[in-house]
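What follows is a set of notes on a single structure, which appears directly below.
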Amino acid sequence: MTEAAAHTVEVTMPPKARRTLWDWAAMAMDIAWFSLFFIWFIGRVVGDRNSLVQWISWIPTLGVVAFGCVWLACRAGDRRRHRVRRWGGLACAALAVGAAVRSDFRPWSDHVAPSPQDIRIVQWNTDHPSGNDPRSMTALATISAEHAVDLFLISNRGSITTQECVHQWAGEKFSSAGAGPFACVTTFPIEEARVIAATGKGLDMVWVAKFVVRPPSWNGRALRIAMVDLPSKPTLSRMQVAQELLTDIRRGDLGEVDIVVGDFNALPGSMILSRVFPMFHDSWTEAGSGLRASWPRLFPLLSIDHVLLAPDMRALSSTTADPGVSKHRMSVVVLRPR
Numbered sequence: 005m006t007e008a009a010a011h012t013v014e015v016t017m018p019p020k021a022r023r024t025l026w027d028w029a030a031m032a033m034d035i036a037w038f039s040l041f042f043i044w045f046i047g048r049v050v051g052d053r054n055s056l057v058q059w060i061s062w063i064p065t066l067g068v069v070a071f072g073c074v075w076l077a078c079r080a081g082d083r084r085r086h087r088v089r090r091w092g093g094l095a096c097a098a099l100a101v102g103a104a105v106r107s108d109f110r111p112w113s114d115h116v117a118p119s120p121q122d123i124r125i126v127q128w129n130t131d132h133p134s135g136n137d138p139r140s141m142t143a144l145a146t147i148s149a150e151h152a153v154d155l156f157l158i159s160n161r162g163s164i165t166t167q168e169c170v171h172q173w174a175g176e177k178f179s180s181a182g183a184g185p186f187a188c189v190t191t192f193p194i195e196e197a198r199v200i201a202a203t204g205k206g207l208d209m210v211w212v213a214k215f216v217v218r219p220p221s222w223n224g225r226a227l228r229i230a231m232v233d234l235p236s237k238p239t240l241s242r243m244q245v246a247q248e249l250l251t252d253i254r255r256g257d258l259g260e261v262d263i264v265v266g267d268f269n270a271l272p273g274s275m276i277l278s279r280v281f282p283m284f285h286d287s288w289t290e291a292g293s294g295l296r297a298s299w300p301r302l303f304p305l306l307s308i309d310h311v312l313l314a315p316d317m318r319a320l321s322s323t324t325a326d327p328g329v330s331k332h333r334m335s336v337v338v339l340r341p342r
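Under the numbering used here, the letters of the sequence shown match residues 5 to 342, in that order.
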């Protein structure tokens, strides 16, 4: 046996790579991103059907997309390792962006030939104390001039909806009718304005009112409107609110309506919308463009103001506008009967 064969051959393993500060930072970003995406996704699936976890349905999709963009920027230069986490994160980001384009932001609009039966509606929650703010009159006058509005539906009305003020910002042809915290300002004849329900106390109040107007171009057909203002308390069960609203509507004899508008304090797909108004469709879903979110006005993240249409009504366009005052954006909808 040779001397070389007698020696024990020692095999040295390469030293295990130590984690760098960047590795730990990347891991932390990955954990934060995947956790946020998972919670947001569960919220999208479950919605507000369960009062114990309804809060996660309020996580704004646009906020998730924004965090995903931050994650992408931080991970853009890491091409050494963590391929599974990187590609998984990219897939999650793509899903979030797809959900945002589908339900929160639509960069295109569909052109529809105008018709004499088209009417333009503005829905706005002036949100106290903006109902008494002269800047609100300026905002309404501006939007009226830009869109040739036929009908204003205003929640939390104040002095700006008095007949004298309406003539200042809308013109002599407009008239105003109030019911509870709501006001209907229009050039059409107003045939009915009454409160359907006013239950609860403080921030838990449920308000419902009905207005009936008769557009001359609709050949004698009336436009029946329900306006709602629902509790904003985030811990209040949306299922409970839906049941209370349904009871109030039946007790108050709302009857058939063509559109339902207002500050629902509920997101698209909420139990309040699907359970109380199951046959109605959302105007923005049908013909929306631009940003859908209406609250908060300065950095809109949540769609809590809605214009719902009956099956025999069609939305031609639906957008939101920044009035420069109040906490809510305006909803501007053009519709016609089918």
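Where is the CB? At the ideal position from N, CA and C, for every residue including glycine.
Since the model is a prediction, treat every value here as computed from it, not as a measurement.
Residue nearest to residue i in terms of C-alpha spacing, selected from the options
| i | options | result |
| --- | --- | --- |
| S321 | H332, R340 and L277 | R340 |
| H115 | M243, Q247 and A319 | A319 |
| M33 | L76, R48, A187 and I43 | L76 |
| R110 | E150, V101 and A117 | V101 |
| G273 | I43, Q58, V68 and L40 | Q58 |
| P235 | Q244, L227, S119 and A95 | Q244 |
| T323 | I164, R124, L250 and S241 | R124 |
| A50 | G224, R242 and A143 | Sequence inspection shows Val at residue 50; the Ala mentioned does not correspond to that position. Of the candidates G224, R242 and A143, the one whose C-alpha sits nearest the C-alpha of V50 is R242. |
| R225 | T239, I194 and V232 | I194 |
| I229 | L240, A181, M275 and K205 | A181 |
| R161 | L240, D131 and G292 | D131 |
| V69 | R89, A97 and I60 | A97 |
| I158 | I43, V189, M275 and T239 | V189 |
| L99 | W44, G135, M275 and R279 | W44 |
| G47 | S55, I63, F38 and A36 | I63 |
| T191 | G67, A80, I60 and L155 | L155 |
| R198 | D52, L240, G259 and E176 | G259 |
| S39 | S113, A117, F71 and W211 | F71 |
Beta-carbon contacts of residue i that lie in its chain and below 6 Å, excluding the five residues immediately before and after
| i | result |
| --- | --- |
| T65 | A103, A104 and D108 |
| V311 | Q127, V265, S287, S335 and V337 |
| G294 | T323 |
| A145 | W173 |
| F41 | C96 |
| A183 | A197, R198, V199 and A213 |
| P118 | none |
Residues that residue i bridges to, as DSSP identifies them
| i | result |
| --- | --- |
| E196 | V216 |
| R242 | Paired residue(s): none; R242 is not in a bridge. |
| P341 | M317 |
| R110 | G294 |
| V210 | T203 |
| V264 | A230 and L312 |
| Q172 | In the DSSP output, where bridge partners are listed per residue, Q172 has none listed. |
| I123 | L339 |
| G182 | A187 |
| W128 | I158 |
| M334 | A325 |
| H285 | L313 |
| L306 | W299 |
Buried or exposed by the 16-neighbour rule on C-beta atoms within 10 Å, applied to residue i
| i | result |
| --- | --- |
| P219 | buried |
| P138 | exposed |
| D257 | exposed |
| S140 | buried |
| W28 | exposed |
| S298 | buried |
| L302 | exposed |
| P327 | buried |
| I304 | Looking at the sequence provided, one finds Pro at residue 304 rather than Ile. It is buried - the Cβ of P304 has at least 16 other Cβ atoms within 10 Å. |
| E248 | buried |
| K214 | buried |
| P185 | buried |
| F178 | buried |
| H332 | buried |
| I147 | buried |
| M231 | buried |
| M31 | exposed |
| A95 | exposed |
| V74 | exposed |
| R87 | exposed |
| A325 | buried |
| G175 | exposed |
| R106 | exposed |
Cβ-based neighbour list, residue i, same chain, cut-off 7 Å, excluding 5 preceding and 5 following
| i | result |
| --- | --- |
| K237 | L207 and D208 |
| C169 | M141 and S163 |
| V329 | S134, D137, R139, S140 and A143 |
| S113 | S293 and S321 |
8 Å Cβ shell around residue i - same chain, five flanking residues per side excluded
| i | result |
| --- | --- |
| M283 | A314 and P315 |
| M317 | D262, I263, L339, R340, P341 and R342 |
| R254 | none |
| L277 | F268, A270, F284, D286, H310 and L312 |
| P120 | S221 |
| L250 | R279 and V280 |
| R22 | none |
Test: residue i CB closer than 8 Å to a CB of chain D
| i | result |
| --- | --- |
| R333 | Of the protein chains in the structure, only one exists, and it is not chain D. |
task = List in chain order: all unbroken beta strand (DSSP E) runs of 3+ residues lying wholly within the segment 37-110.
result = none
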